[in-house]
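The structure under discussion appears below in the form of structure tokens.
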Amino acid sequence: MFSLRSIFLTVLQLHLAQASKPQIGFELESFDMSLFNFRCSEDDYYSMKGHQVAGQRGNNWFLGVDDTPAKTWRLNPEYDIRCDLGDLESLKGITQEVKQSMRFLGYAKQVWVQNNQGKKDVCNPWKPRQLFSALSKSPDKAIWNLQATAPLMLEGIQDLLTTAVKKERNPLVGVSSRANLVYIQKSWIDSNQFLKEATGGSYWATQDMLGFLSVVSSTMRAATELSAPFYQPGRKFLYSLGPKGLIWIMPRHYWTSVFSLVRDKMPKDVKLWDILEHLACYRNTVDGQLQLDERFCDDTGDKRKPQPNGNLQKLAWSLKGGKDPLTVKEWIDSIQSTSTNGHDLPDALSEWDEKHFDGQIGGFSRLGKPFETALGSKRKIALWEFRGLGDITQSQISQHLEAIQVQVVKFHKRYSKSLPS
């Protein structure tokens, strides 16, 4: 498997350039504008992930290439954009340059790919898809998949999960399946007899703590068997994004690091797993009324005293055929036990993702990237990746990117100045 550092170095160089200010980043990837070269060896091909198209770089943006879905004759173009979170005008200028580059890509006869130091790769040149007339779209009609990376407080994560479950619109909410999403309600803690007695009530469940419990609960419920990583010898045509593809929100820091932001609010002598297992007894309802989730808890005749049935702890991430499983309980226990020794130590899911997939969960922690600081505050917050934010055309790019930036800024203005008590 190729080096994690080589994958992230290109993306990080812009992100780390102005570490004193909070940054926002965007990625635009297209399968409609793929690049082709039918003479690449596997070794040369897989060494190119994260490399750049020569001559297609500007101030705070570049055109890179991605090897998804692991076919040695095809690369997908991917624009990486970074700017200061609070600088709304800067993004407008960057998007204009990116759109000019897209027009170049649409009509170029061939392009060259190079590494981060400007050295051209062995495998060159590459022909844009536009040369294949039967497959061509005009550049302005090509579809680009959008994702964003931004620093966000856990209160904002709670708001986004609430929005997603209620099927409301928000530029930071992914358009993919929302089947396993859940947002934790304070009333669930006060209503559950075990939680009420074990924790003394919901006094500790501040908005940021609810955000942490909600995103962890949603991640647990999505655990499933996954196909092979994006590349393994002999299995290279089986493709999976890994656990990051199961829910649209992913922390770029370790889950242990995210937990460190709320760890001191945890009720004493209570295990994180016990809290999450009993919270799984309930499901969100339109009217807010208490309703049992009988997938994970048995009905005892009293909604205040449901009994966990053991099904939650059986959920696991595994490779095809159930190989090398990681149960959600093992993951949760690792978050709480590891976090006491330091927020920069990996949890079990971050390690499992690095072992079998591309290690993007917790990738910034692994490379030593610290938390960012909220706008107008000294509050430290984690970086999150938001995937599947829409399939857009060239003419829609400015509108969508600016809407995302404005939404993140709104969250910062709402939550950054009043540190959670």
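In mature numbering (1 follows the signal peptide of the UniProt record, and there is no 0), the protein residues as written are -19 to -1, 1 to 402.
Beta carbons: idealized from backbone N, C-alpha and C, even for Gly.
As the structure is a prediction and not an experimental result, all values here were calculated from the model.
Here's a check: name, in chain order, each residue in its chain whose Cβ is nearer than 8 Å to the Cβ of Pro327, leaving out the five neighbours to either side. Tyr235, Thr237, Thr319, Glu335, Gly343, Ser346 and Arg347
Any chain D beta carbon closer than 9 Å to Trp298: In the structure shown, chain D does not exist; there is a single protein chain.
Residue from Asp61, Gly155 and Glu136 with nearest C-alpha to residue 425: Because the chain spans -19 through 402 in this model, residue 425 falls outside it and cannot be assessed.
Integer Cβ distance of residue 404 from Asp61, believed to fall under 8 Å: Residue 404 lies beyond the residue range present for the chain, which begins at -19 and ends at 402; the question has no answer from this structure.
Inspect the beta-carbon positions of Leu127 and Gln188 and report whether they are closer than 9 Å. no
Of all the options Val79, Leu72 and Gln166, which has the alpha carbon lying nearest to the alpha carbon of Leu44? Val79
Which one of Pro109, Asn265 and Leu176 has the shortest CA to CA distance from Asp13? Pro109
How would you label Gln388, buried or exposed, when you count the other beta carbons within 10 angstroms and need 16 or more for buried? By the 10 Å Cβ count, Gln388 comes out buried.
Ordered along the chain, which non-local residues of its own chain (more than five positions away) have a Cβ less than 8 Å from that of His32? Thr(-10), Gly45, Val46, Val94, Gln95, Asn96, Asn97 and Asp102
Using the C-alpha atoms, what's the distance from Ile124 back to Trp169? 42 Å
Which partner residues does Lys301 have in the DSSP bridge list? DSSP lists no partner for Lys301.
Along the chain, where does the alpha helix (DSSP H) containing Arg202 start, and where does it finish? Gln188 to Arg202
Give the single residue among Thr266, Leu194 and Val239 whose Cα lies nearest to the Cα of Leu260. Leu194
Could you spell out the range, first to last residue, of the alpha helix (DSSP H) harbouring Val389? Ile378 to Tyr396
Asn126 lies in the beta strand (DSSP E); which residues open and close that run? Trp125 to Pro132
From Glu10 to Ser183, what distance separates their C-alpha atoms? 43 Å
Measuring only the C-alpha atoms, how far is Gly99 from Gly303? When the Cα atoms are used, Gly99 and Gly303 turn out to be separated by approximately 43 Å.
Given a cut-off of 9 Å, decide if Ser299 and Lys73 are closer than it, judged by their beta-carbon atoms. no
Proximity of Gln4 and Glu353 at Cβ, strictly below 9 Å: yes
Chain-order list of residues whose beta-carbon lies under 7 Å from that of Tyr396 (same chain, five-residue window excluded): Met134, Glu136 and Gly137
Could you compute how far the alpha carbon of Val196 sits from the alpha carbon of Asn173? Taking the straight line from one Cα to the other gives about 20 Å.
Restricting to Cα atoms, I'd like to know which of Phe338, Pro120, Glu23 and Ala204 is closest to Ile313. When each option's Cα is compared against that of Ile313, the closest is Ala204.
Rounded C-alpha distance that separates His381 from Pro152: 7 Å
Entirely within the segment 312 to 365 and at least 4 residues each: give me those alpha helix (DSSP H) ranges in chain order. 329 to 337 and 344 to 347
Proximal residues to Val92 (C-beta, below 6 Å), its chain only, five neighbours per side dropped: Val34 and Trp107
How close, in whole Å, do the beta carbons of Lys284 and Leu293 come, if the pair is a contact with beta carbons under 8 Å? With 8 Å as the limit, Lys284 and Leu293 do not qualify as a contact, their Cβ atoms being about 18 Å apart.
For Met83: DSSP bridge partner residues: BP columns for Met83 are empty, so no partner.
Out of Ile165, Glu149, Arg368 and Tyr88, state which residue places its alpha-carbon closest to the alpha-carbon of Ser119. Tyr88
What does the alpha-carbon distance come out to for the pair Ala329 and Thr308? 10 Å
For Thr180, count neighbouring C-beta atoms within 10 Å of its own C-beta (all shown protein chains included) and say buried if the count is 16 or more, exposed if not. By the 16-neighbour rule on beta-carbons within 10 angstroms, Thr180 is buried.
Using only the alpha-carbon positions, how far apart do Ile385 and Gly282 sit? 45 Å
Using CA coordinates, which residue listed in Asp68, Arg233, Lys122 and Asn57 is at the minimum distance from Pro339? Looking at the sequence provided, one finds Asp at residue 339 rather than Pro. The candidate whose alpha carbon is nearest that of Asp339 is Arg233.
For Asp274, three-class secondary structure by DSSP: coil
Would DSSP call Arg20 helix, strand or coil? coil
Measuring only the C-alpha atoms, how far is Gln77 from Leu86? 14 Å
Using three-state DSSP, classify Trp169 as helix, strand or coil. helix
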